[in-house]
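Numbering (this note's numbering), first residue to last: 1 to 411. Every residue, glycine too, gets a C-beta built ideally from N, C-alpha and C.
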Ligand SMILES: Cc1cc2nc3c(=O)[nH]c(=O)nc-3n(C[C@H](O)[C@H](O)[C@H](O)COP(=O)(O)OP(=O)(O)OC[C@H]3O[C@@H](n4cnc5c(N)ncnc54)[C@H](O)[C@@H]3O)c2cc1C
């Protein structure tokens with residue numbers, strides 16, 4: 001009987017366990033944490049966005065430069081198959097207004113419970129509090145456990161160790177040097193779907209942190225001269241900005257900061273009114289009304305939008321309808337850094353596909369497969385992260401199965 005060691009009990013590792021749990025195989029899943037699936041459970045707190053119901057041709061575009069590699073995985077585990085798989089576990093899904101797909105109950109816990117039950121009854125053995133620390137000379141996996149260090153010999157190994165954010169949930173990126181030592185090519189981990197730092201004044205931070213900026217258009221030009229423009233909603237934070245609009249553009253924003261040291265974005269605070277209309281409205285006499293009331297009643301600017309104008313404009317600009325209107329349409333905001341990687345929803349970088357064969361086996365280590373967020377790809381929020389983690393876990397599991405069946409293992 002062949003023995004398989006899966007290291008990492010997130011969605012990718014669990015999916016690998018699912019395809020490998022068949023007669024004739026002994027599957028052991030190891031995780032450093034006291035329980036598996038912790039980030040998956042966190043993902044369920046704000047509503048588990050399992051996948052996305054847009055046409056497949058659009059779906060695969062979300063993986064940017066890694067589209068070819070991820071698409072070939074998704075061809076065998078499509079967004080519809082994710083929904084079917086969840087249904088098979090007793091979890092019905094629905095398509096939300098933005099075509100994002102959620103479980104009916106929105107949460108991850110019922111799905112994870114059903115999944116673990118199925119894996120256990122299929123014979124998968126779970127070893128929690130087992131931190132993988134690398135290899136011994138004879139290819140044995142070294143784990144640190146509450147009972148001390150142990151060595152594990154396996155016929156095939158799946159590494160599904162996650163990225164490098166939310167380290168307290170288990171994925172801390174500590175695997176990087178362990179794989180680098182084995183001549184695996186790894187792109188540095190970077191925050192993805194992350195917030196950005198802005199130098200707010202004490203006053204602005206104190207008054208407006210945690211308030212949203214709704215229906216704004218954000219535009220900027222990256223280091224190569226490519227322009228981006230997107231309508232959406234963002235959130236003011238104590239340290240800067242975050243939210244769906246920012247996450248959607250976080251990759252080019254991050255790359256521009258990497259290339260130029262900072263990036264200036266421009267906000268259109270009132271996209272539904274053009275500049276001449278704004279000038280006309282703002283130039284109307286305000287009588288005894290305060291400027292704040294004038295802005296609110298004439299053009300609907302209040303709250304954090306009004307705060308931003310106060311933050312960035314001089315008294316002279318504020319008093320001049322043309323200058324004020326121009327600032328409302330193109331409010332410059334300088335982003336000086338990404339927020340730390342640990343706060344990010346996901347991470348870019350990881351094991352490069354060039355280091356893997358088509359079955360996700362490391363070219364430098366026969367019988368060792370990699371899956372999930374630890375691979376070098378990124379995608380926006382919208383269910384794209386979980387779908388690719390699941391699809392790659394499945395591909396790595398099937399790859400290991402095929403590799404064992406063709407007898408190419410070293411035992
Ligand atoms: C707040 C938040 C919300 C999110 N919401 C969504 C969403 O709605 N939709 C979506 O698609 N994605 C979402 N994501 C992203 C998604 O959760 C991840 O992309 C996904 O969990 C990655 O799966 P994975 O299996 O590759 O890694 P992980 O889920 O990170 O699992 C990796 C596992 O490996 C273990 N591990 C790591 N190192 C070791 C070691 N040395 N030894 C042993 N075990 C180890 C960890 O303990 C962990 O259990 C969200 C993420 C966050 C932080």
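Asked                                                                                                                                                                         : Found
What does a CB cutoff of less than 6 Å around residue 69 pick up in its chain, not counting 5 residues either side in sequence?                                               : 353
Would a C-beta distance cut-off of 9 Å place residue 241 and residue 349 closer than the cut-off?                                                                             : no
Closer than 8 Å: is that where the CB of residue 36 sits relative to any heavy atom of ligand 1?                                                                              : yes
Return helix, strand or coil for residue 162, following the three-state DSSP convention.                                                                                      : coil
Tell me which residues share the same chain as residue 7 and place their Cβ nearer than 6 Å to its Cβ, disregarding the 5 neighbours each side in the sequence.               : 30, 132, 159
Taking DSSP as the reference, what is the three-state secondary structure of residue 58?                                                                                      : helix
So who's on the other strand from residue 334, going by DSSP bridges?                                                                                                         : 264
What beta strand (DSSP E) runs, 3 residues minimum, are completely inside the stretch 171-222?                                                                                : 186-192, 212-221
For residue 234, report the span of its alpha helix (DSSP H) as first-last.                                                                                                   : Per DSSP, residue 234 belongs to no alpha helix (DSSP H); it is in the beta strand (DSSP E), 227-236.
Taking C-alpha atoms, which residue in 398, 379, 404 lies nearest to residue 60?                                                                                              : 379
Report buried or exposed for residue 224, applying the criterion of at least 16 other Cβ atoms within 10 angstroms of its Cβ.                                                 : exposed
Is residue 33 close to ligand 1? I mean its beta-carbon at under 8 Å from any heavy atom of the ligand.                                                                       : yes
Evaluate residue 410 with the Cβ neighbour count: other Cβ atoms within 10 Å of its Cβ, from every protein chain shown; 16 or more gives buried, anything less gives exposed. : Confidence at residue 410 is low in this model, with a pLDDT of 44, below 50, so the placement of that residue is unreliable and no value is reported for it.
Sorry if obvious, but does the Cβ on residue 105 come closer than 8 Å to a heavy atom of ligand 1?                                                                            : no
Would you say the stretch 380-395 touches the stretch 14-21, given that touching needs at least three Cβ pairs under 8 Å?                                                     : yes
Do residue 264 and residue 308 come within 9 Å of each other at the CB atom, strictly closer than that value?                                                                 : no
Does the distance between the C-beta of residue 39 and the nearest non-hydrogen atom of ligand 1 fall short of 8 Å?                                                           : yes
Say whether the stretch 318-338 touches the stretch 145-160, bearing in mind that this needs 3 or more beta-carbon pairs closer than 8 Å, one atom from each stretch.         : no
Out of 91, 381, 138, point me to the one whose CA is closest to residue 413's CA.                                                                                             : What the structure shows of the chain is the stretch from 1 to 411, and residue 413 is not part of that stretch, so it cannot be assessed.
Does the Cβ of residue 245 have 16 or more other Cβ atoms within 10 Å, making it buried, or fewer, making it exposed?                                                         : buried
Can the beta-carbon of residue 383 be found closer than 9 Å to that of residue 66?                                                                                            : no
What whole-angstrom Cβ distance do residue 369 and residue 360 have, given they're in contact under 8 Å?                                                                      : 5 Å
Alpha helix (DSSP H) containing residue 247: first to last residue?                                                                                                           : 244-248
Does the beta-carbon of residue 28, which I'm using as the reference point, lie nearer than 8 Å to any heavy atom of ligand 1?                                                : no
Assign residue 165 to one of two classes, buried (16 or more other C-beta atoms within 10 Å of its C-beta) or exposed (fewer than that).                                      : buried
Are residue 337 and residue 262 closer than 9 Å when you measure CB to CB?                                                                                                    : yes
Note down the Cα distance separating residue 179 from residue 168, rounded to an integer number of angstroms.                                                                 : 21 Å
Applying the criterion that 16 or more other CB atoms from any shown protein chain within 10 Å of the CB defines a buried residue, is residue 117 buried or exposed?          : exposed
Cβ of residue 430 within 9 Å of Cβ of residue 27?                                                                                                                             : What the structure shows of the chain is the stretch from 1 to 411, and residue 430 is not part of that stretch, so it cannot be assessed.
Taking the alpha-carbon of residue 285 as reference, which of 297, 43, 95 has the nearest alpha-carbon?                                                                       : 297
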